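> The structure under discussion is supplied below as structure tokens; questions concerning it will follow.
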Amino acid sequence: ERVMRVFEEDNEKFLKRIRKRADKVGMERPKVEVRFENLSIEGDAYVGSRALPTLLNSTLNIVEGVLEQLRILPSKKRSIKILHDVSGIIKPSRLTLLLGPPGSGKTVFLKSLAGKLDKDLTVSGRITYCGREFSEFVPQRTCAYVSQHDVHHGEMTARETMNFSARCLGIETRYRFLRELSRREKEAGIKPDPEIDAYVKALQEGRDSNGLVTDYIIKLLGLDICADILVGDEMRRGISGGQKKRLTTG
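Residue numbers (the UniProt record's numbering): 1 to 250.
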């Protein structure tokens, strides 16, 4: 309860207090630098009227797909270059705004940085997080692509959805950071801040078995008023569209 009161007062102050504690013992906070070098992405797609999502086109696509697999009919798709030789750096601790006209490849670019590209696309170039490629770490623990479509289980509440996500990804990185912070403070003889110390101990004791981090994120996103309401879908009434988007972000 003491920790949750700190969250409610001001989240920014809480994070600054943790940073101040880390600075006292000389701990460097984790930072992520994303680099993309000579990134090019191509894909095969129908063009013109065949690209329209009609019933006739969908039927033709299925039939032609089967015939192409049997090598009876050549593909009528055209190779489209979505991104060509793109390079750049996304610096840590900064907000980066991505602008471009419709169809310029913004979504594909963001999905490529999050490691969520369609396997049918041809990708060349290099994407690294702090010098490491996707094969060397778990991207889902470092980055997330928030789609414009909110895909949730309508029969679960907002809190259950957040708990499920926490159990899938865990809090290991934050736990290790705070555990090392506590160890260095103990060695230096520094008396910890009581509220922050309660937060650290709650994570250390049960690895968030009591859902402390989940409650923290729920309050941070303003979802505490609908935490125990079903998310809902087309057949069930649930939380609002704005609340669903915040739940997706969380």
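Yeah, the Cβ is synthetic: ideal placement off N, Cα and C, and Gly gets one too. From a predicted model like this one, the values you see are computed outputs, not experimental measurements.
Here's the rule I'm using: 16 or more other beta-carbon atoms within 10 Å means buried, otherwise exposed. How should Gln69 be labelled?
Exposed.
> Comparing alpha-carbon positions, which option in Lys244, His149 and Leu181 lies nearest Ala22?
If we check each option's Cα against that of Ala22, Leu181 comes out closest.
> Report the CB separation of Val66 from Tyr129 in whole angstroms; it is logged as a contact under 8 Å.
About 40 Å separates the two Cβ atoms, so there is no contact after all.
> Ignoring anything shorter than 3 residues or poking outside the segment 42–86, list the beta strand (DSSP E) runs there in chain order.
Runs found: none.
> Measure the alpha-carbon distance for Arg236 versus Gly26 and round it to whole angstroms.
Arg236 and Gly26: Cα-Cα distance of roughly 51 Å.
> Counting C-beta neighbours from all protein chains within 10 Å, is the total for Asp118 16 or more, i.e. buried, or is it exposed?
Exposed.
> Assuming Ser124 is part of the beta strand (DSSP E), what are its boundary residues?
Thr122 to Tyr129 is the extent of the beta strand (DSSP E) around Ser124.
> Using only alpha-carbon positions, find the residue among Ile41, Ala144, Pro53 and Leu60 that is nearest to Ser104.
Residue Ile41 is the option with its Cα nearest to Ser104.
> Restricting to Cα atoms, I'd like to know which of Arg246, Asp233, Glu234 and Gly232 is closest to Asp224.
Considering only alpha carbons, the answer is Arg246.
> For Thr142, which of Val32, Leu39 and Leu178 has the nearest alpha-carbon?
Here the closest residue by C-alpha is Val32.
> Can you say whether Gln243 is buried or exposed, counting buried as having 16 or more other CB atoms within 10 angstroms of its CB?
Flag for Gln243 reads buried.
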